[in-house]
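Start counting the sequence shown at 1; every next residue gets the next number (full-length UniProt numbering). All residues carry an ideal CB built from backbone N, CA and C; glycine is no exception. Have a look at the structure below, then the notes.
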Amino acid sequence: MLETRPSVHCGDLTRGLAPTTPAVGEQITLGSGTVFTEPDPDTGLPTAVGLVPDDGRDEDWLDPRALYRCHNQTVRLELRAA
1 MLETRPSVHC
11 GDLTRGLAPT
21 TPAVGEQITL
31 GSGTVFTEPD
41 PDTGLPTAVG
51 LVPDDGRDED
61 WLDPRALYRC
71 HNQTVRLELR
81 AA
């Protein structure tokens, strides 16, 4: 986490999740699996990056709690080999 600020997002009321402010320097793992890219429909360049979980699940490819910790924050996204 490079810089933090409060988030005004209400969160996911159904799941009982809401953004919480992390600490500067905190490392948050969004998920694990196989990285993929998708092209931008206008340019054809690979501008979207995603992560497919290796356990075959169809939802929550990224950890919802971790995503809410990152909401409205300044982060550095890192890819690490397992």
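Of the residues the options, the one placed nearest residue i, counting alpha carbons only
| i | options | result |
| --- | --- | --- |
| R15 | D63, L79, E78, A82 | D63 |
| P6 | L51, V52, T74 | T74 |
| E3 | P19, A23, C10 | A23 |
| residue 98 | A82, V52, A81, Y68 | Given that the chain is displayed from residue 1 to residue 82, the structure contains no residue 98 and the question cannot be resolved. |
Contact set for residue i: own chain, Cβ-Cβ below 8 Å, skip 5 residues either direction
| i | result |
| --- | --- |
| D54 | S32, G33, T34 |
| G25 | M1 |
| R76 | L2 |
| L79 | V35 |
CB contact flag (residue i, residue j, <8 Å)
| i | j | result |
| --- | --- | --- |
| A66 | L13 | no |
Which residues DSSP lists as bridging residue i, in chain order
| i | result |
| --- | --- |
| P46 | P39 |
| V52 | T34 |
| L17 | D12 |
| T74 | E3 |
Cβ shell of residue i (< 6 Å), same chain only, five flanking positions each side left out
| i | result |
| --- | --- |
| T47 | D40 |
| G50 | F36 |
Residues of its chain near residue i, where Cβ-Cβ distance is below 7 Å and the 5 sequence neighbours each way are ignored
| i | result |
| --- | --- |
| C70 | I28 |
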